[in-house]
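Numbering (our numbering), first residue to last: 7 to 425. Yeah, the Cβ is synthetic: ideal placement off N, Cα and C, and Gly gets one too. This report refers to the structure that appears directly beneath it.
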């Protein structure tokens, strides 16, 4: 941990056991994910209370996404030499205070600032927390550890976001912020109590930003980054406009929308469990299968969106396929950037949020062009198909690098034997 490779741990868990501290990180991610997505359900009362338009209130969502993209690499670099446990505690405390500031915000401007601060802390926690999670388990259990963290996000979509929306509508939108602050406080106590304390390595083992930045010379890191962004963009191009697609195209009553959104979250949890179980043994197979399946589901949704049952069933399936892929995508980035775990976590976080920003933007362009809400599913399908291509390229580059590495080892062994 704290800059040390996983094999430096003195009490490494077995391949079949994930330590409780990883689950605490997943609980904290549940609070972060609830905060990130709950605004979609409380925009109307929030906008009325603060006297702003719905589009202007919607900028609070964009502010959080942009903060995540910027905050992940910046905070990862800034805290590189700090103990990771200390960093996690500090970032989670800042996030909690950001939620309190949002609950007490007297104006839109103050709320906007609190969202940016919360997003920066959230991004930093994701980046460092992911590095901690994979350092606490053997390499062949990395996807399982990341599945637990991603599972926190899935449960946020199933329970946290609908509950936040319900609470916000019944007791005022500020109550949702107070609830998330409470969840963050529970996570903070868990991190303090259960995440191991480690010393900052010194000498040759000390974290070095210049050394970690070298990962960006590796084409495999860039391929992993692009694949993550394409997969996330494919999903959020559709998910961001799923409500109007369900009501305007499939003809569902608005009262059904929260249930379908929760169903997407259920699919996400199922997918996370599946991906966590199979990705460590079949990393590229999981990526291929998951992204290809998402491509198919999105194309079918574009074709069948006017049929209620099909739209509901495909929303569930998209949750399954998208989140089946997530643990493998996370593990692939950490494997490609093994020498720089903190920046690997930061790059993964930024990549997902680049996709979360670009996908809805492209979907919005399709709607503005007059192609209708069903067109966003075609946008998503195209992005997912591109993700299949980058996965194929990444797999080929990975296989070629292994052949070169094996050949080099053989040459060195023969030279040693000859000596």
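| Check | Outcome |
| --- | --- |
| When you compare each of 358, 407, 398 to residue 39 by their alpha carbons, which one comes out closest? | 358 |
| What residue range does the alpha helix (DSSP H) around residue 299 cover? | 289-310 |
| Have a look at 356, 43, 223, 377 and flag the residue whose alpha-carbon is nearest the alpha-carbon of residue 82. | 356 |
| Going by DSSP in three states, residue 59 sits in which element: helix, strand or coil? | coil |
| For residue 229, which residues of its own chain have a beta-carbon under 7 Å away from its beta-carbon, when the five flanking residues on both sides are left out? | 396, 399, 400, 403 |
| Could you say if the region 375-383 and the region 158-178 meet the contact criterion of at least three C-beta pairs nearer than 8 Å? | no |
| Here's a check: name, in chain order, each residue in its chain whose Cβ is nearer than 6 Å to the Cβ of residue 100, leaving out the five neighbours to either side. | 127 |
| Can you have a look at residue 286 and say buried or exposed, based on whether 16 or more other CB atoms are within 10 angstroms of its CB? | buried |
| Can you give me the start and stop residues for the alpha helix (DSSP H) that residue 5 sits inside? | The question about residue 5 has no answer here: the residues shown for the chain are numbered 7 through 425. |
| Whole-angstrom Cβ separation of residue 193 and residue 352, contact assumed at under 8 Å? | Not really, about 20 Å apart at Cβ, beyond 8 Å. |
| Looking at the secondary structure, which residues open and close the alpha helix (DSSP H) in which residue 330 lies? | 314-342 |
| Please return the same chain residues whose Cβ sits closer than 6 Å to the Cβ of residue 133, not counting the five positions on each side in sequence. | 78, 82, 351, 352, 355 |
| Given that a residue counts as buried once 16 or more other Cβ atoms are within 10 Å of its Cβ, and exposed if not, what is residue 23? | exposed |
| When the Cβ atoms of the region 358-369 are set against those of the region 146-160, are three or more pairs found closer than 8 Å? | no |
| What do you get for residue 86, buried or exposed, if any count of 16 or more other CB atoms within 10 angstroms of its CB means buried? | buried |
| Within the continuous alpha helix (DSSP H) that includes residue 92, where are the two ends? | 90-110 |
| Tell me whether residue 41 is buried or exposed, calling it buried when 16 or more other Cβ atoms sit within 10 Å of its Cβ. | buried |
| Between residue 111 and the rest of its own chain, which residues show a CB-CB distance below 7 Å, the 5 nearest in sequence each way excluded? | 117, 120 |
| Could you pull out every residue in the same chain whose Cβ sits closer than 6 Å to the Cβ of residue 168, ignoring the five residues on either side in sequence? | 264, 268 |
| Using a 10 Å radius around the Cβ and a threshold of 16 neighbouring Cβ atoms, would you call residue 376 buried or exposed? | exposed |
| By the DSSP assignment, the alpha helix (DSSP H) with residue 284 in it spans what residues? | 263-284 |
| Does the Cβ of residue 244 lie closer than 7 Å to at least one heavy atom of the ligand COA? | This structure simply doesn't include the ligand COA, nor any ligand for that matter. |
| Assuming residue 336 contacts residue 123 under a Cβ cut-off of 8 Å, what Cβ separation, rounded to an integer in Å, is found between them? | 25 Å between Cβ atoms; not a contact. |
| Note down the Cα distance separating residue 45 from residue 197, rounded to an integer number of angstroms. | 26 Å |
| Name the two residues that bound the continuous alpha helix (DSSP H) containing residue 168. | 167-177 |
| Quick one: using the 10 Å Cβ neighbour count with 16 as the cut-off for buried, is residue 374 buried or exposed? | exposed |
| Kindly list the residues whose CB is nearer than 7 Å to the CB of residue 275, restricted to its own chain and excluding five residues on each side of it in sequence; keep chain order. | 157, 160, 161, 164 |
| With the cut-off set at 8 Å, would you say residue 297 and residue 331 are in Cβ contact? | yes |
| If the criterion is Cβ atoms closer than 8 Å, does the pair residue 221 and residue 32 meet it? | no |
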